[in-house]
Amino acid sequence: MSAIITLSLLAVLLLYLGLFKAKKALLPVSLLGLLAAIVLYSIQWDTDAEPLYSGMVLFDHFAVAFSILSLFITGLVFLLSRDYFDSISEHVAEYYALIIFSLTGALLVVSFHNLAMLFIGIEIMSVALYILVGIRKRDFSSNEAALKYFLMGAFSTGFLLFGITLIYGATGSFDLTEIKNYLIANPHSISPLFYSGILLLIIGLSFKVGAAPFHFWTPDVYEGAPILITTFMSTVVKTAAFAGFLRLFLTCFVPLQDFWAPVLLVITVLTLFIGNISALAQQSFKRMLAYSSISHAGYMLFGILSIGAASAGAIFVYSAAYSIASVVAFAVLILVKRSRGSEHFEAFNGLAAKNPYLAFTLSVAMLSLAGIPLTAGFVGKFMMFSGVLANYHIVLLLLAVLNAAMGIYYYFRVIVAMYFRPADREEVTVNANYKAVLFIGALLTIAIGIFPSLLAGWL
Amino acid sequence: MTQAEAVNTSANYLPILFQLIVAGGFGVGTIIITHLIGPKVKTENKLGSFESGIEVIGNARQPFSIKYFMVAILFVLFDIEVIFMYPWAVNFRQFGLSGLLEMFIFMALLLLGFIYVIKKRALEWD
Amino acid sequence: MTAELLIFYVLAASALVSALLVVSMKNLARALFLLFVTLFSVAGLFIFCLADFIALTQIMVYVGGVLVLMLFAFMLSNKELLNDLQKGLTGFFALPRWQALIITAGMGFILIHMAINMGSNLPKWVTEAAREGKIFTPTDHTEKHIGLQLMTRYLLPFELISLVLLMALMGAAHLTRKEPKP
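Chains as they are written, first to last, in the numbering used here: chain A, 20 to 478; chain B, 53 to 178; chain C, 16 to 197.
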């Protein structure tokens, strides 16, 4: 908890630093704050986890692992932010503060132990993002994205809240332990309120993670938002939303698996196919990544579908691999867009000849997203698929493999463009922060790919 | 909660209902009565809008400053804050010092944001 | 007895009718003013549920604040743009309405299904509380209980709400700020 308090105070501090014209200090102070939070969380790792603050939050291994992952990815995003926000407007401090606030919300979502906290965590996470998506005030698509995200977010929060209310109506409590006890105590006389509550919760959370058929806001919002905000949304926010999703279902709803698994199965298959088929048709790299993030949501839903002791670890490794690779891909996209002014695949033509380092790291990221062996993405997909194989029949696995093949096609388009499509271009200038992020990202992707136990042992 | 109890409580609100009816009835009634007893002279000048004898130019609906919007949002925000203070104030004595501190933390965060907004000159009309 | 029932039905009917009119009305200004009626009637219904505090919140925040805000937003917006918007959807079966219809029908199905299955068997905790006499009577002060819960058990969510409000403040400042032309 001390980490969350530190972060909220850090955000306020950043606001006032911006007020007193200390712009140079913003980035170092934020990174220091994140580091402090990581340290505070690591100390908690070995202590016995008890629900805190009248059972509002619980910092078990699950919460601490996902929190540290979120903090780490946010750190990478911050490293990329050097010179990025300055070009948008002069109120840079607000953007740092809002990202930290959003991160605070994400940390609450991964460690909630009471449905009231889930709701408030999601709200804190999203309200900050509604503003961040629209920070380019003179850009029409950014405004559109902000409005769309706000309307869809508010709409889905309604479903979520209604679901929480119905669950409360059935059990008389918001507390996860008491909801679980209710299910165990009345296996045959569960109130119909409870079933409707689960359905509405699934709808609300599917909106938040961008799963089909509730995905339609994702491409426009990801495309309209500034690239760095898209990076944050598609990594930290998505990871946190999935962790919250899994935490709720893993602690409470396992006994009712027969009821919700078919619903989730339909959502998963739809998400996979809609995400991948739409990604095939894209000409813009950013939009392709948006659709591919939908399909990754589909793979991560496998973890919830085959819920069990292994699913926390599987989702953790998968989201870590996906987040790291996404940060690398978006970082390269920022650089390419800065030099070429375009987000299309053609903008990547001939990148390998002038910037071999950029091209190599992006290739590693793409291979990881596609799930090629010896990268982190493969480990994640492997863990997901083996979970599915243990619980479901072979047809679902075949569908997943078919989708993975489609994924390989569109991810390789970038690699082909970089290495085999010659084009006249200037060398892209890369500053030290970007070099560091790309290096860390590529290194971790390969390291996890070769030694999966690095991460898989955490949960 | 049985039906009888639910019904009992709303009886306490009956005066409010009567007040609403009187207030609404007065407004609607006077409009209807003036329509009924007033003389009806319809000339072009009388039906046109009165602009101190000057010809009417343009549309009455003009977009106005977005600063009004800021004031309205601030009103809603502090409205919500006051709503949270209300149940706290009802049993203020019971909570003692710790309750006071807890409320101060709540208000301090919002106040810090308010000071920030003022310092950023978001409330200045230029 | 009958007077209260009559008031209840009047409130319920005015809430339903005005809400239906709000969503079906083409004129945005009229829809906004009708929303006043909807929110007031719902506040009245909250009183019937013994939820005085919620009724108060409804009137103070929604009727007094949010609706005024919406009226401001309406007056800020461009009239010509809004006219286009109002003309866009003709015919009940225009495509965008299909999606709305599906979502409404799905939601309605879930709720009606639930209500039918609920029947008269209330959740166990409700019947147990009724048997033990732990129920609110009209003379109880619900806001006292809400305050107690808010400052003890739900203290952490309560403090975190100030974060949401703080961000809303920043968002408002961002929204109304003039960005210099590039």
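C-beta atoms are modelled at their ideal positions from N, C-alpha and C, and glycine is treated no differently.
On a predicted model such as this, the values are computed, not experimentally measured, just so you know.
Contact with chain C by residue i, beta-carbon distance below 9 Å
i, result
"residue 115 of chain A", "no"
"residue 221 of chain A", "no"
"residue 96 of chain B", "no"
"residue 405 of chain A", "no"
Under 9 Å between C-beta atoms of residue i and residue j
i, j, result
"residue 119 of chain A", "residue 52 of chain A", "yes"
"residue 408 of chain A", "residue 416 of chain A", "yes"
"residue 437 of chain A", "residue 370 of chain A", "yes"
"residue 314 of chain A", "residue 426 of chain A", "yes"
"residue 449 of chain A", "residue 95 of chain A", "no"
"residue 20 of chain C", "residue 56 of chain C", "no"
"residue 143 of chain A", "residue 260 of chain A", "no"
"residue 73 of chain A", "residue 171 of chain C", "yes"
"residue 129 of chain C", "residue 168 of chain B", "no"
"residue 139 of chain B", "residue 161 of chain C", "yes"
"residue 37 of chain A", "residue 103 of chain A", "no"
"residue 240 of chain A", "residue 93 of chain A", "no"
"residue 343 of chain A", "residue 283 of chain A", "no"
Buried or exposed by the 16-neighbour rule on C-beta atoms within 10 Å, applied to residue i
i, result
"residue 266 of chain A", "buried"
"residue 105 of chain A", "exposed"
"residue 368 of chain A", "buried"
"residue 70 of chain B", "exposed"
"residue 84 of chain B", "exposed"
"residue 86 of chain A", "buried"
"residue 455 of chain A", "exposed"
"residue 127 of chain A", "buried"
"residue 463 of chain A", "buried"
"residue 75 of chain B", "exposed"
"residue 99 of chain B", "exposed"
"residue 28 of chain A", "exposed"
"residue 62 of chain A", "exposed"
"residue 336 of chain A", "buried"
Per-residue DSSP class, three states only, for residue i
i, result
"residue 76 of chain A", "strand"
"residue 131 of chain A", "strand"
"residue 102 of chain A", "coil"
"residue 194 of chain A", "strand"
"residue 189 of chain C", "helix"
"residue 208 of chain A", "coil"
"residue 303 of chain A", "strand"
"residue 20 of chain C", "helix"
"residue 160 of chain C", "helix"
"residue 59 of chain B", "Low per-residue confidence applies at residue 59 of chain B: pLDDT is 46, beneath 50, and the placement is therefore not dependable, though the value from the model is reported in the following sentence. It is helical."
"residue 180 of chain A", "helix"
"residue 393 of chain A", "coil"
"residue 71 of chain A", "strand"
"residue 87 of chain B", "helix"
"residue 363 of chain A", "strand"
"residue 108 of chain C", "Reliability fails at residue 108 of chain C, whose pLDDT of 48 lies under 50, so the model's placement of it is uncertain and no value is given."
"residue 128 of chain C", "helix"
"residue 39 of chain A", "coil"
"residue 315 of chain A", "helix"
"residue 95 of chain B", "coil"
Residue i at chain A interface by Cβ criterion, 9 Å
i, result
"residue 61 of chain C", "no"
"residue 165 of chain B", "yes"
"residue 186 of chain C", "yes"
"residue 161 of chain B", "yes"
"residue 125 of chain C", "yes"
"residue 168 of chain B", "yes"
"residue 119 of chain B", "no"
9 Å Cβ cutoff, residue i in contact with chain B
i, result
"residue 108 of chain C", "Because the pLDDT of residue 108 of chain C is 48, which lies under 50, any placement of that residue in the model is unreliable, and the number read from its coordinates should be weighed accordingly. Chain B contact via Cβ: absent."
"residue 161 of chain A", "no"
"residue 2 of chain A", "Any property of residue 2 of chain A remains undetermined from this structure, which presents chain A solely from 20 to 478."
"residue 38 of chain A", "yes"
"residue 210 of chain A", "no"
"residue 27 of chain A", "yes"
"residue 48 of chain C", "no"
Any C-beta of chain F under 9 Å from that of residue i
i, result
"residue 31 of chain A", "The displayed structure is made up of protein chains A, B and C, and chain F is not among them."
Is the number of C-beta pairs between the region 203 to 221 of chain A and the region 238 to 255 of chain A that are closer than 8 Å three or more? no
Does the pairing of the region 461 to 475 of chain A with the region 392 to 405 of chain A give three or more beta-carbon distances under 8 Å? yes
Inter-stretch contact (C-beta, 8 Å, three-pair minimum) for the region 279 to 292 of chain A and the region 216 to 234 of chain A: yes
So does the region 238 to 246 of chain A actually touch the region 149 to 165 of chain A, counting three or more Cβ pairs closer than 8 Å? yes
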